[in-house]
Amino acid sequence: AAPEPPPPLAPAMLDDGLEVTGDPLAARRMAARMAVPVRVNGTGPYRFVVDSGADRSVIGTALAARLGLPAGDPARLHDTAGTSRVETVRIDRLDVGDSMIEDIAAPSLPEHFIGADGLLGIDALAGQRLMLDYERRTITVEDARTPAPAMAEDEIVVTARRHKGQLILTRVAIDGTDVYAVIDSGAELTMGNSALLARVLRGRRPPPEEFVTLVSVTGQAVVARQVTLPELHIGGLILEGVRVAFTDAPPFALFGLSQRPAMLLGSDVLEAFRRVSLDFRQRKVRFVMRR
């Protein structure tokens, strides 16, 4: 028999205008990332990191085995360090708060690489409204068909492009250069591509070289050059002293951004805000600055 539809979304009012319906879920901080309780095929809850930069959701190998999830077809997984062929399992249903996602083919990876029981990617977030509250350490996931709240006085709303389900911001700039940006809540560090690095260094004395090692969810490592940007403009907001790790990670190509100045905004930048809300249906991203 088909599963019953989820119950109606109950209102949960949050202050300062970034209210959304649905129950806010207590988020556990994992390094700079945030994880929420998720039920898998009615069992759990389990801790899943919300990864708005991932094209698909992931489940831990041990958890998949414990639940006896059936094997799916092998798939290609695009992450920080490269593109890998991975095994998948079939998940009938994921429940996140009042939201339900059905029929997911999820790559199965070791928990010690994921840092949690799983990841929630774009395949699970499409059609949802996601609100990351970095002040209260809560995450709210709701059906984006519900009416969006009115804009608050201290809120910036940016309309994004959509590419393969992902939201790409276009109102981002560095030193007068227009930059494409993706909100990547599953990344601890903000990353930029070579096209952006060339623009940043153009006509300047190169800064001292610093490097950082990035480890992907598949356990692969890549060394990236790290540069501190004086200012980053997002809509009408200005962030100062933003550190960016530069590497041509496969997600840039996946999102059609390999030849354009682009960046993946990680949790290190997102934590500068009180709240960040992503509406994957209406293509709206809302930012509320810290007081």
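The numbering of the sequence shown is the working numbering, which starts it at 86 and goes up by one.
Here a beta-carbon is modelled for each residue, glycine too, at the ideal position from N, C-alpha and C.
Judged by their CB atoms, ASP208 and LEU148 are not nearer to each other than the 7 angstroms cut-off. By the Cβ neighbour-count rule, ALA334 is buried, with 16 or more other Cβ atoms within 10 Å of its own. Taking the Cα positions, GLY261 is about 9 angstroms away from HIS318. Along the region 249-330, the alpha helix (DSSP H) occurs as fully enclosed runs of 4 or more residues at 279-286, listed in sequence order. Pairwise C-beta distances place the region 213-223 in contact with the region 349-363, as three or more of them are shorter than 8 angstroms.
Taking the CA atoms as reference points, ILE323 sits about 31 angstroms from THR231. In the structure shown, LEU210 falls within a helical segment according to DSSP collapsed to helix, strand and coil. Per the C-alpha coordinates, the member of GLN367, GLY157, GLY271 and ASP228 positioned closest to VAL302 is GLY271. VAL308 and GLY277 have their C-alpha atoms spaced approximately 13 angstroms apart. The region 142-156 and the region 280-290 do not touch, with fewer than 3 CB-CB distances between them shorter than 8 angstroms.
Per DSSP, the continuous beta strand (DSSP E) segment holding GLU187 begins and ends at 184-194.
Secondary-structure assignment with DSSP links HIS163 through a beta bridge to THR168.
Residue burial is scored here from C-beta neighbours: ARG375 has fewer than 16 other C-beta atoms within 10 angstroms and is therefore classed as exposed. A direct Cα-Cα distance of roughly 13 angstroms separates GLY250 from ARG214. ASP158 is the residue among ILE199, ASP158, PHE198 and ARG170 whose C-alpha sits nearest the C-alpha of ILE189.
Annotation: the continuous alpha helix (DSSP H) that includes ASP353 extends over 352-355. Here PHE331 has GLY277, LEU282, ALA309 and ARG310 as same chain residues with Cβ atoms under 6 angstroms from its own Cβ, once five neighbours each way along the sequence are excluded. Nearest C-alpha to VAL285 among THR165, VAL329 and VAL181: VAL329.
If you look at PRO130, you'll find it isn't in any alpha helix (DSSP H); it sits in the beta strand (DSSP E) that goes 128-135.
With respect to LEU350, THR275 sits close: the two C-beta atoms are nearer than 7 angstroms. Per DSSP, ALA338 has no beta-bridge partner at all. The beta carbon of GLY341 sits closer than 7 angstroms to those of HIS248, all from its chain and outside the five residues before and after it, given in chain order. Judged by beta-carbon spacing, GLY321 lies within the 7 angstroms limit of ILE241, meaning their Cβ atoms are closer than that value.
Here ALA150 is exposed. Its C-beta has fewer than 16 other C-beta atoms within 10 Å. With a beta-carbon spacing of about 6 angstroms, LEU179 and VAL123 fall inside the 8 angstroms limit used to define contacts. Following the DSSP letters along the chain, one finds LEU363 inside the beta strand (DSSP E) bounded by residues 358-364. Non-local C-beta neighbours of ALA139 in its own chain, meaning closer than 7 angstroms and more than five positions away in sequence, comprise LEU204, GLY206, ILE207 and GLY271, ordered along the chain. Burial is judged here by how many other beta carbons sit within 10 angstroms of a residue's own beta carbon; GLY288 has fewer than 16 and is exposed.
Relative to the Cα of VAL181, the nearest Cα in the group ARG371, ALA245 and LEU210 belongs to LEU210.
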